[in-house]
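Numbering (my numbering), first residue to last: 1 to 456.
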């Protein structure tokens, strides 16, 4: 049968409008005749859902920030838009186009530390002004809390007073504020320490709720040094939090120092190419016993702030469900206000508020972490007339380490640690005598020379 005049006219119009074989005009607009044009669909998707690619993740903008996992979201949207014309190869072409044409330098992400991205807007933390979200703010981070300048957190305040010394509370607020911004310029890591059942894990839970689990990595301190894949997990994170840290000695401390200082490092995901990035994740750990390192010194210890939890809560003193009570939506908004005020104070002062209890705990941390310092505290005396052969004191140090389950440093590192802590010591060599240290002696083996000097 022939085609009547009206039908022929309709078919001609469809052909002219590129609609033959397509369910609607929108789908047809992605084709040129029967040829799929991925650029058209890619631009349509980017208009509806802004996209950026840092070469590591493909991000899509939603609810005020660029979230990872963009490939899956783009695939779903492309499939919906193509309707019955959706094909695997067509969707992959769209994703490839977006990855190629929305590529940016990773350093462009999260470069604005003057604003904190919150659920209800962008907070200029120095002034308290809040403005609407915008995709022009290339932020892959959003704090999952609403800003309310009038909010308080009475239950959290009560909890904090019970678990840490009063002089440490300002430091806790400052620490939480420091976590809110992608900066590491103060070069500090944090250790929460004390025996079990003392509130450490509850505070860490509150911090995780404040910062958001999506903005946190969970890598043990030792693995940051020993596992080349673990550092990559800190990419784009505000914090690295690990509870109940092992007291196992770290093999070195170079990665720790680099991460705390925010120096550029290489990261690598398994099966992927390595990449360079500038980390801004602050390191927070809790431990009953503090770990040591084979490489210690002033540059290691000065990077730590220690928060002591001196009280223990057992039996009826333990409050079941407390961590949920102090992290309601209202409490978190109040905690956020403490953190913002702490952040302001931190940058006004240029350092964390001093705490006598933290200072004492840090001294203990240094002694417990540094087996050279612990050895000389237990086994040596210091006076200007004391002397000890360098070979003898090092041998005693190694034996002491084996007896106390420590890994001894090599002789050169031992000598360096000894003089770093006691710069008044000098090496001397009398005629016909082995080399000795002047100013230090061994308690158990000291002998009086005819001159009254202590020597071994």
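Even glycine gets a Cβ: it sits at the ideal position worked out from N, Cα and C. Owing to the predicted nature of the structure, the values given are computational and were not obtained by experimental measurement.
**OP:** Assign residue 7 to buried or exposed, taking buried as 16 or more other Cβ atoms, counted over all protein chains shown, within 10 Å of its Cβ.
**Re:** As a first step, residue 7 is located in the chain shown; it is residue number 7 there, counting from the start. In this prediction, residue 7 has a pLDDT of 42, which is less than 50 and means its spatial position is unreliable; what the coordinates show is noted afterwards. Exposed: under 16 other Cβ atoms inside 10 Å.
Original post:
Looking at C-beta atoms only, is the number of pairs between the segment 140-148 and the segment 325-333 that lie closer than 8 Å three or more?
Top reply: yes
Original post:
According to DSSP, what are the bridge partners of residue 103?
Top reply: Locating residue 103 in the chain shown gives position 103, where the first residue counts as 1. Its beta-bridge partners are 53.
**OP:** Give every residue of the same chain whose Cβ lies closer than 8 Å to the Cβ of residue 110, excluding the five residues on either side of it in the sequence, and list them in chain order.
**Re:** Stepping through the chain shown from its first residue, residue 110 is reached at position 110. Same-chain partners within the cutoff: 138, 139, 140, 141, 182, 236 and 280.
**OP:** Figure out for me which residue from 387, 385, 322 and 405 has the closest Cα to the Cα of residue 371.
**Re:** For the purposes of this step, residue 371 is taken as residue 371 along the chain shown, with counting starting at 1. Ranking 387, 385, 322 and 405 by Cα distance to residue 371 puts 405 first.
Original post:
By DSSP, does residue 159 sit in helix, in strand, or in coil?
Top reply: For the purposes of this step, residue 159 is taken as residue 159 along the chain shown, with counting starting at 1. Helix, per DSSP.
Original post:
So, do the segment 121-139 and the segment 82-99 have three or more beta carbon pairs nearer to each other than 8 Å?
Top reply: no
Subject >> Helix, strand or coil at residue 311 according to DSSP, with G and I counted as helix >> reply: Reading the chain shown from its first residue, position 311 is the one you call residue 311. Coil at residue 311, not helix or strand.
**OP:** For residue 77, name the three-state secondary structure that DSSP assigns.
**Re:** Here residue 77 refers to the residue found at position 77 of the chain shown. Helix, per DSSP.
**OP:** Compute the Euclidean distance between the alpha carbons of residue 262 and residue 256, then round it to the nearest angstrom.
**Re:** Locating residue 262 in the chain shown gives position 262, where the first residue counts as 1. Locating residue 256 in the chain shown gives position 256, where the first residue counts as 1. Spanning the two alpha carbons is a distance of roughly 10 Å.
Subject >> Span separating the alpha-carbon of residue 107 from that of residue 278 >> reply: Locating residue 107 in the chain shown gives position 107, counting from the first residue. Locating residue 278 in the chain shown gives position 278, counting from the first residue. Each residue's alpha carbon lies about 8 Å from the other.
Subject >> Where the beta strand (DSSP E) through residue 388 begins and ends >> reply: As a position in the chain shown, residue 388 is number 388, starting the count at 1. Segment 380-389, the beta strand (DSSP E) holding residue 388.
Original post:
Straight-line CA distance for residue 451 to residue 387?
Top reply: Locating residue 451 in the chain shown gives position 451, where the first residue counts as 1. Locating residue 387 in the chain shown gives position 387, where the first residue counts as 1. Note on residue 451: pLDDT 44, under 50, position unreliable in the model; no value is reported.
Original post:
The beta strand (DSSP E) with residue 60 in it runs from where to where?
Top reply: Residue 60 sits at position 60 when you count from the first residue of the chain shown. First-last of the beta strand (DSSP E) with residue 60: 58-62.
Original post:
Could you check where the alpha helix (DSSP H) with residue 65 kicks off and where it finishes?
Top reply: Within the chain shown, numbered from 1, the residue matching residue 65 stands at position 65. First-last for residue 65: 65-67, but that is the beta strand (DSSP E), not the alpha helix (DSSP H).
Original post:
Would you report the Cα separation of residue 186 and residue 41, rounded to the nearest angstrom?
Top reply: What you label residue 186 is simply residue 186 of the chain shown in a count that begins at 1. What you label residue 41 is simply residue 41 of the chain shown in a count that begins at 1. If I take the Cα positions, the gap works out to 46 Å.
Original post:
Going by alpha carbons, who is nearest to residue 188 out of 49, 194, 180 and 175?
Top reply: By one-based count along the chain shown, residue 188 stands at place 188. Considering only alpha carbons, the answer is 175.
Original post:
Does the beta-carbon distance from residue 199 to residue 163 come in below 7 Å?
Top reply: Here residue 199 is taken as the residue at index 199 of the chain shown, counted from 1. Here residue 163 is taken as the residue at index 163 of the chain shown, counted from 1. Against a cut-off of 7 Å, the Cβ pair of residue 163 and residue 199 comes out as a contact.
**OP:** State the Cα-Cα distance for the pair residue 435 and residue 310, rounded to the nearest angstrom.
**Re:** In the chain shown, counting from the first residue as 1, residue 435 sits at position 435. In the chain shown, counting from the first residue as 1, residue 310 sits at position 310. Between residue 435 and residue 310, the C-alpha separation is close to 45 Å.
Subject >> Exposed unless 16 or more other CB atoms sit within 10 angstroms - verdict on residue 324 >> reply: Numbered from 1 along the chain shown, position 324 holds the residue referred to as residue 324. By the neighbour-count rule (16 or more Cβ atoms within 10 Å), residue 324 is not buried but exposed.
Original post:
Do you know offhand how far residue 201's Cα is from residue 194's?
Top reply: Against the chain shown, residue 201 aligns to sequence position 201. Against the chain shown, residue 194 aligns to sequence position 194. If you take the alpha carbons of residue 201 and residue 194, they lie about 11 Å apart.
Original post:
Can you name, in chain order, every residue of its own chain whose Cβ lies under 6 Å from the Cβ of residue 269, other than the five neighbours on each side?
Top reply: Stepping through the chain shown from its first residue, residue 269 is reached at position 269. If we look at residue 269 and ignore the five residues flanking it on each side, its Cβ neighbours are 232.
Original post:
Does the count of Cβ pairs from the segment 209-217 and the segment 347-358 closer than 8 Å reach three?
Top reply: no
Subject >> Entirely enclosed alpha helix (DSSP H) segments - the segment 338-425, minimum 4 residues >> reply: 356-369, 371-379, 390-403 and 411-421
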